Every structure is written in C-alpha cells, then in structure tokens.
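Chemist: Residue numbers (this note's numbering), protein chains in the order written: chain W, 2 to 366; chain S, 2 to 366. For reference, the structure I am asking about is given below.
Number of protein chains: 2
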Amino acid sequence: MPPNDQVPLQDSDGSSEPPASLAGTAPARLRSTDIARLAGVSVSAVSLAFNARPGISDATRKRILEVAEELNWRPHRAARALKGANNDVAGIVIARPARTLGVEPFFAHFLSGLQSRLSNEGIATQLLIVEDTEAEVAVYRRWAAENRVDGLVLLDLTVDDVRPRLVADLRVPAVILGGHGAPLPLTSVWVDDHAAMTRILEYLAALGHRFIGHVSGIPSYQHTRRRLRAIGDARESLGIDIASVATDYSDTQGASATRRLLEASPRCTAIIYDSDVMAAAGLGVATEMAVPVPGEVSIVSFDDSILTHLPHPPITALTRDTYALGTLTATELLHTMAERPEPRAVQAPTPELVVRGSTAPPPGA
Amino acid sequence: MPPNDQVPLQDSDGSSEPPASLAGTAPARLRSTDIARLAGVSVSAVSLAFNARPGISDATRKRILEVAEELNWRPHRAARALKGANNDVAGIVIARPARTLGVEPFFAHFLSGLQSRLSNEGIATQLLIVEDTEAEVAVYRRWAAENRVDGLVLLDLTVDDVRPRLVADLRVPAVILGGHGAPLPLTSVWVDDHAAMTRILEYLAALGHRFIGHVSGIPSYQHTRRRLRAIGDARESLGIDIASVATDYSDTQGASATRRLLEASPRCTAIIYDSDVMAAAGLGVATEMAVPVPGEVSIVSFDDSILTHLPHPPITALTRDTYALGTLTATELLHTMAERPEPRAVQAPTPELVVRGSTAPPPGA
DNA sequence: CAATCTGACTAATACGTTTTAGTACGTTAT
DNA sequence: ATAACGTACTAAAACGTATTAGTCAGATTG
C-alpha cells in the first residue's frame, strides 16, 4: 500500500468551521494525488482534466472536476509555473513619487481598463510604484530573472528612453504606452498628440485667439514633445503666437505657471493645459485673480475627467476614453504574450474636443 | 561526467545584444547549478549564500553572490515558492465597476501608501477589480487554493459582511480596512467615523446651523452606519435637525441629491457630503442653481483631496492622510503575515476638520 | 594519541505539478 | 488470423530550488 493512501483531514460538510483554537496547526494541503485517489484515477489524469487536454474520456474528466470542485482544489500555481507554464501575471511599474500618484485620474482609469481586460483572461496585475527610472529598471531585471511576470507595460516613454531596449533584451513580452517615432524594439500603443493639439489650436484660432499660453507637462516625455511640435507647426500655419511653460504636471506648478501667464503683458487670451489637474488648478487661479473665464481668458484641458466636468464654468477639454486605452493596451499585451509577434505601433483613437463653458472668443472680438 | 556540465550559452560581455533575428529560439535559462559550477561549489552552497544562512565561509558566499550578480541570476521564484517559501505577493480585490473606480482619489492614495510600504519589504501587490462581492469571494477561494498570495487586504466592509469569516477560514493572513464593532475574525484598521462626523456637526452647530442636509454614501457600509449613528446622537445632544439622503458615492447621485435638498422647503443651511467627489458635484449644482455658497448654504466634505482644494470657494473638509492609512494597513498586514497574531482592531487617527471658504454662518445669523 | 567536536561543504531528497513514454485493450484493416 | 491502430489511461521523469543528512579535514580535548 502506498504510504500516502489517506485523505488529508477535511470535513465533508462544506459549511464546516475549522476549530479556531488550533490556529497553529497547519491544515494539510490537498494535492493532485488526493483528487486522483478520490476520483479513482492517476495524477496524470487529473492534470489532463484540468488542462483540457485530450487523452481521457468525458465522463472521467467530469468526475475529476467534480471532486476537485467539491474540495476547492486547484493546481498549486508554483508547481505549475515551475513546469514552464505561465504565471498569469502582468507587471506594471510606475516611476513617480507615490504620494503624488493619487491625483492623476488618468492612471486610475488606465489601470482600471488594463486590469479589467487582463483579468478577463485570468491574468492578474502586479503593481509597483518606485521613485525613479533607475529603481524601475532594477525591478525589471529582478522580475525577469525571477520569472515573476509574463508581461510588462511601460509608461511615460521619454526621449532616448533606455527601457525599451533593456526590456526587449530581457526577453519579457512588453507593450509601451506612448511610444512612437523611431522604430522601437517593443510594440507600442500611441496617441496622435500632434493631431490632438492641432485640433485645440485650430479651434482657438477659429474663435479669434491670436496669443495663447500653454502649460506643458514634463518636457522629456515623448508625448510632450509631440505636442510642442504641433505648437511649433501651428505658429506658422495658423499665424498665432504661443508661449509654453514647462511643469511637472502637479497642481502646484500648474497654478504658478498660470499666475505667470496671467501677469504677463501682453496677456494671452487662452491657456492650454497638458492635464486636467493643472487646468482645474489654473481655473482656480484665474478666479482668484479675478480674471473672468471665459470672458478675459479661455481655458482648455488636454485631458478630461471629473476635474474638468465639475468646476464652474466646466472646462473645454480633449476627451478620450482612457479606460478603453487601458483595454487596448491589454489586448496588445495579451497578443504579444501569446504570439511574440514583431514589434509594431498601434494607434489609439485621437481625442475629441468637447466644448464647454470655459472657452469663448477673446475679449476684443 | 554529469550530463549538464555545460554553461548555457551566454556572452560574458554584459552590454551584449542578443541577435534580434533569432527571436524564436528560447534563451537558455540559468539555474543554480550553473552558478554553482562557475563559483566552484555545489548548488547547496548557492542556496545557503542566497538565503543568508550559516554553513559557508564569507569568502565563498561573496564569490557566489558575485558570480550570480554578474549573470543577473536570481532563484526562480516558482521553484522557491514550491519549497514552501513566501510568494512575496499581497492581494487586493476591489468589488466595484472598473469604470467608476478612477474617480475616487481615496483609492489611489490608499493604494499608493499600501504599495509603498509593502514594496519596502519586497512584497508586490496584486490588484484585481471585480464586479461584485460574489466574484470577489470566488477570487479569494481561487487565490487561496492556488497559493497565489501571502496576504489579503479587504475593503469596504459592510454590515453582516461574509468575507471576514470566509477569508479567515481560508487561512490566508488578511487585514480589513474599515471594520469595527463586533469582534472580527481578522485584524482590522478602522477610523472613528462617529467622532469625525460629530466634529463636523459641532462645528456647524457652533456656526448657528440648525437644519442640515447629509448626502450619505452606500448605506450597507459599516462606516456609513457609524456616521449615521453620530447624526442620530447629535440630533438630541446638539438639538439640530438633519435630513440624510443615501447615494452610491457617484458624482451623478451626489448632484441629484443636492438638487433635492436645495429644492426642499424649508431648505437646509448646510450640507455634509460623505465624499469629496459628491461635495464637488454638489458645489457645482449649487452654483448652477444660483444658490450662493457659503452665503445661502454651507458645504462640508467628509473626504479631502484635490477635488476640495481646487473649486471656488474651496470646500471645508475633514482631512486625513489617506496615504498614511495605506501604510498603516500595510504595516498591520506585514505583522499578520509574519506572526499570525490574534485578530485585533487598530485605530487610525481621526480626521481633522479643515475650514475653508465653503462654510459660514447661516443666512439669518 | 585517540576521541570528540566544529566549520565548510556536498549528495540526495522533497516540493506538486506537467509531460513523456509507455501499457492494455478493443477495433479495424490486410 | 494477424497486424496495425486508436483510445483511455498510468508510471516515471522532469522543472529548479531548499533542506536534511551526511562527509571530511583540521582543531581541540582528555
């Protein structure tokens, strides 16, 4: 008789309550051998049943699954991963000070979409917040060496970013959000910021604005570059004058940049903000300085969220489905994980301009 | 000669670039045997070195670690987990529609704090968003059976919540955010909502308000109950009249509840909102209805965030360090994972009232 | 000087699966 | 009648590490 011919102690009554006093005793963990014995088959059969492989009859398969279900048994994922199977984990590392992360609705929406699509495929998302890119890179190296994740999502692509090359070399399937331009070693999902910014500028120009302020985000980000390039192009084609001020996306810097722009002389008649947080902060500054919006100055936000809906006046903004951007990124990642295709650039829909109360023709018009 | 007496093909030059054209060929994975051979020791020695155990000399330990570092080798985490070691993963499941999740600054801040503390200990956070409690419970059962996580954080505790009992029975270390009252089978971190609400009510009563509106959150949540109980107590002790309206925390319902309260006659002279999102939405509605804030009606938010800072007037709010709440929860979870102590209730600091421009004495005063 | 001990290290086993290489048996083709 | 084949299943060999039970040389002790 084999030595392990005993079922681990377990009440057959599903609603049973383990004796709380014995918290120290480790409850015997079920193994596939237990399921096999109870179903009257071998462990191999259990494996075949759980992995939906041919080689056993439907009746046997059903019986095995029923036994497993009853005992709430599932294959130990470490043992499974050890055999080369997937971890069913995707990793995402965000290199920003954790305290400031919460203010960006963008992240939460994007993450929701990403997570939702991935968990449909049974893939969990592992999230890590680090201080800087150096730490981020170290995490990628560690995760790759430990075989911890099946895929990665890279955010905030900068000019001359070292991460795509590194991650590609680590051979971890990955997708970049925001990359474009030079051929990347990884698949990327990108938004046409140039066209989006042009949309705003054409709208403001049509209203009659000729001198426009721009509160931009972090200059090293590629999408910031693309927006600035659109502004450069529009200077010539639309014949308007634009002054850009760089910030770190924080409400504080958005506010102080607004103050600078509104105090300057001559004063611009419209301000474009690279994020919703800064636009809302800017509107606050304008109100505080008693500069009527949109009477004296119009305000446009590059991003849309509850922050642009709620103020009075509500802020004209480029709107995009950030949640859908997350699901799109997840779809690309799943495809990359499954097929390891050649890298490609996938374009997400260009944001649409939603006109609200914060924009109007300039004062003189 | 042992059959695996060959180093997997690997350039000694760290900056080397694998031939991109051979994307299909699987790069040989390093194993502890490789490190052992290169360091001139056995695999056991490698294990001892990596787990900081006695049994090898410092010189040997150093040599092993150097070889591993050079090749970017780290123990395969699945193999390690299979031997009973920790996964170094904490799980958190949020049962809310993913699309609405992004609007709550609370989650992002809390998650940031939690994550930051956990990753200090090398523990990653696995995040899953599900539709309802049923799905949430299924996830807990699956994760426990698969041995996927070392700890769990439970959110949004409701009255008669089934989850604490279930998770306790699954023997997964876990911490609840928001529980209190009846002795729970799990350690919980809780905030004294009763005292916090009382603080608001006393402040408003001192200003002279006698009829106050309350836009509450989801009634089945325990913290909502505690707030309502404080309101009940204050009716008697402070001699004020309060009308509560239940919502689902959304800006939409917050707005419509505000409309109802402001249209009622007699009209309340102050409104308390259970969340910052609803307070901001409510301020918008008041402005739209041309009800001056704080001239005709004062507004107080139970939660503080950028949403209460930015509007004009900025909203008087209870402020608490949500990020710190996350780190506190993480600390409790780490303790629970390490020591498996008896469940206990840990109280987080009671929120402080920050008076801003949205509150003033009632019109007649 | 023999017996004991200690430090540094290793061989072998266990963890719980998946996968490979079968076996046994009944059915069909030659 | 025999060979070939397919189906349903199983025994045994991985996967890469941690751990247990050693081995061995040299130091210490009685």
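The beta carbon of each residue, even a glycine, is placed where N, CA and C say it ideally should be. It should be emphasised that the depicted structure is a prediction, and the values quoted were computed from it without experimental measurement.
1. Starting from the beta carbon of W:T288, find every residue of chain S whose beta carbon is closer than 8 Å, and list them in chain order.
2. Verify whether the separation of the beta carbon atoms of S:W191 and S:A91 is less than 7 Å.
3. For S:G233, which three-state DSSP category applies?
4. Taking CB distances under 7 Å as the criterion, tell me whether W:S13 reaches chain S.
5. DSSP has S:F212 in a bridge; who is on the other side?
6. Taking C-beta pairs closer than 8 Å, name the residues in chain S that W:I130 reaches, listed in chain order.
7. Using a beta-carbon distance cut-off of less than 8 Å, what residues from the segment 48-79 of chain W approach chain S?
8. Could you name the residues of chain S that W:L83 contacts, counting a contact when the two beta carbons are closer than 9 Å?
9. DSSP beta-bridge partners for S:W191?
10. Counting only C-beta atoms, is W:I377 closer than 7 Å to chain S at any point?
11. Please decide whether W:A282 counts as near chain S, where near means a Cβ-Cβ distance under 7 Å.
12. Residues in the same chain with beta-carbon distance under 8 Å from S:R261, minus the five sequence neighbours each way, listed in chain order, please.
13. Terminal residues of the continuous alpha helix (DSSP H) containing S:G327?
14. If I measure Cβ to Cβ from S:A258 and keep anything under 6 Å in the same chain, skipping five residues before and after, which residues do I get?
15. Could you say if the segment 104-122 of chain S and the segment 317-333 of chain S meet the contact criterion of at least three C-beta pairs nearer than 8 Å?
16. Could you give the residue range of the beta strand (DSSP E) that holds S:G85?
17. Can you name the residues of chain W whose CB is closer than 7 Å to the CB of S:A125?
18. Does the CB of S:T37 have a neighbour CB from chain W at under 7 Å?
19. Determine the DSSP secondary structure at S:A183, reduced to helix, strand or coil.
20. Does DSSP put S:A262 in a helix, in a strand, or in coil?
21. Could you tell me whether the Cβ atoms of S:D1 and S:Y222 are closer together than 7 Å?
22. Beta carbons nearer than 7 Å to chain S: which residues of the segment 146-167 of chain W have them?
23. Checking contacts by CB at 7 Å: is W:R230 closer than that to chain S?
24. Does any residue of chain S have a CB that is nearer than 7 Å to the CB of W:R357?
25. Distance check for S:W74 and S:I272, CA to CA, integer angstroms please.
26. Specify the secondary structure class of S:G283 as computed by DSSP and reduced to three states.
27. In the DSSP assignment, find the alpha helix (DSSP H) that holds S:E147 and state where it starts and stops.
28. Determine the closest residue to S:A196 out of S:P174, S:L167 and S:A231, with distance taken between C-alpha atoms.
29. Where does S:V154 fall in DSSP's three states?
30. For S:T159, which residues does DSSP report across the bridge?
31. So, is W:T26 buried or exposed, given that buried needs 16 or more other C-beta atoms within 10 angstroms?
32. Three or more C-beta pairs closer than 8 Å, one from the segment 199-213 of chain S and one from the segment 356-363 of chain S: is that the case here?
33. Is DSSP giving S:Y274 helix, strand or coil here?
34. Taking only three categories from DSSP, how would you classify S:T126?
35. Provide the residue(s) that pair with W:L319 in DSSP beta bridges, ordered along the chain.
36. Do W:G240 and W:A282 have their beta-carbon atoms positioned less than 7 Å apart in this structure?
Modeler: According to the structure shown:
1. Here residue 288 of chain W refers to the residue found at position 287 when the first sequence is read from its first residue. The contacting residues are H313.
2. Translated into positions along the second sequence, residue 191 of chain S becomes position 190. Translated into positions along the second sequence, residue 91 of chain S becomes position 90. In this structure, S:A91 does not lie closer than 7 Å to S:W191 by Cβ.
3. Sequence index remark: in the second sequence, residue 233 of chain S carries index 232 (1-based). In this structure, S:G233 counts as helix in the three-state DSSP scheme.
4. Position 12 of the first sequence, counted from the start, is the residue given in the question as residue 13 of chain W. Because the pLDDT of W:S13 is 35, which lies under 50, any placement of that residue in the model is unreliable, and the question is left without a value.
5. As a first step, residue 212 of chain S must be located in the second sequence, where it is residue number 211. According to DSSP, which records beta bridges pairwise, S:F212 is partnered with S:D242.
6. To locate residue 130 of chain W, count along the first sequence from 1; it is residue 129. Under the 8 Å cutoff, chain S gives S113, Q116, S117 and S120.
7. Flagged, chain order: N73, W74, R75, P76, H77, R78 and A79.
8. For the purposes of this step, residue 83 of chain W is identified with residue 82 of the first sequence, where counting begins at 1. Chain S residues near W:L83: H77, A79, A80, A82 and L83.
9. Within the second sequence, the letter at position 190 stands for residue 191 of chain S. Looking at the DSSP assignment, S:W191 forms a beta bridge with S:Q348.
10. Residue 377 of chain W lies beyond the residue range present for chain W, which begins at 2 and ends at 366; the question has no answer from this structure.
11. Counting from 1 along the first sequence, the entry for residue 282 of chain W is found at position 281. It does; some Cβ of chain S falls within 7 Å.
12. Looking up residue 261 of chain S in the second sequence gives position 260. Non-local beta-carbon contacts of S:R261 in its own chain, meaning distances under 8 Å to residues more than five positions away in sequence, involve V246 in chain order.
13. Counting from one through the second sequence, the residue named residue 327 of chain S turns up at place 326. S:G327 -> alpha helix (DSSP H) spans T323 to E340.
14. Position 257 of the second sequence, counted from the first residue, corresponds to residue 258 of chain S. Answer for S:A258: V216, V246 and T248, listed in chain order.
15. Enough Cβ pairs lie closer than 8 Å, so yes.
16. Within the second sequence, the letter at position 84 stands for residue 85 of chain S. Per DSSP, S:G85 belongs to no beta strand (DSSP E) and is neither H nor E.
17. By 1-based counting over the second sequence, the position of residue 125 of chain S is 124. The contact set of S:A125 on chain W, defined by CB atoms closer than 7 Å, consists of Q127 and L129 in chain order.
18. Here residue 37 of chain S corresponds to residue number 36 of the second sequence, with the count starting at 1. For clarity, residue 37 of chain S is Ala in the given sequence; the question names Thr instead. No, no contact with chain W.
19. As a position in the second sequence, residue 183 of chain S is number 182, starting the count at 1. Three-state result, S:A183: coil.
20. Translated into positions along the second sequence, residue 262 of chain S becomes position 261. Correcting the residue type first, residue 262 of chain S is Leu in the shown sequence and not Ala. Correct three-state label for S:L262: helix.
21. Lying outside 2 to 366, the shown extent of chain S, residue 1 of chain S is not represented and no answer is given.
22. Listed by position, the residues of the segment 146-167 of chain W near chain S (Cβ gap below 7 Å) are A146, E147, N148 and R149.
23. One-based indexing of the first sequence puts residue 230 of chain W at position 229. False, the Cβ-Cβ gap to chain S never drops below 7 Å.
24. Counted from its first residue, the first sequence places residue 357 of chain W at position 356. So, not an interface residue.
25. Residue 272 of chain S sits at position 271 when you count from the first residue of the second sequence. Residue 74 of chain S sits at position 73 when you count from the first residue of the second sequence. Note on geometry: alpha-carbon atoms of S:I272 and S:W74 lie some 60 Å from one another.
26. Locating residue 283 of chain S in the second sequence gives position 282, counting from the first residue. Here S:G283 sits in helix by DSSP.
27. By 1-based counting over the second sequence, the position of residue 147 of chain S is 146. Counting along the chain, the alpha helix (DSSP H) containing S:E147 begins and ends at T134 to E147.
28. On the second sequence, position 195 is the one that residue 196 of chain S refers to. Residue S:A231 is the option with its Cα nearest to S:A196.
29. One-based indexing of the second sequence puts residue 154 of chain S at position 153. Correct three-state label for S:V154: strand.
30. As a working note, residue 159 of chain S is residue 158 in the second sequence. Paired residues: S:Y222.
31. As a first step, residue 26 of chain W is located in the first sequence; it is residue number 25 there, counting from the start. The predicted model places W:T26 with a pLDDT of 48, which falls under 50 and marks its position as unreliable; any figure quoted below should be read in that light. Result: exposed.
32. In this structure the segment 199-213 of chain S lies against the segment 356-363 of chain S, because at least three pairs of beta carbons, one per stretch, are closer than 8 Å.
33. In the second sequence, counting from the first residue as 1, residue 274 of chain S sits at position 273. DSSP places S:Y274 within a strand segment (E or B) once states are collapsed to three.
34. Counting from 1 along the second sequence, the entry for residue 126 of chain S is found at position 125. In this structure, S:T126 counts as strand in the three-state DSSP scheme.
35. Sequence index remark: in the first sequence, residue 319 of chain W carries index 318 (1-based). DSSP output for W:L319 lists W:L354 as bridge partner(s).
36. One-based indexing of the first sequence puts residue 282 of chain W at position 281. One-based indexing of the first sequence puts residue 240 of chain W at position 239. Against a cut-off of 7 Å, the Cβ pair of W:G240 and W:A282 comes out as no contact.
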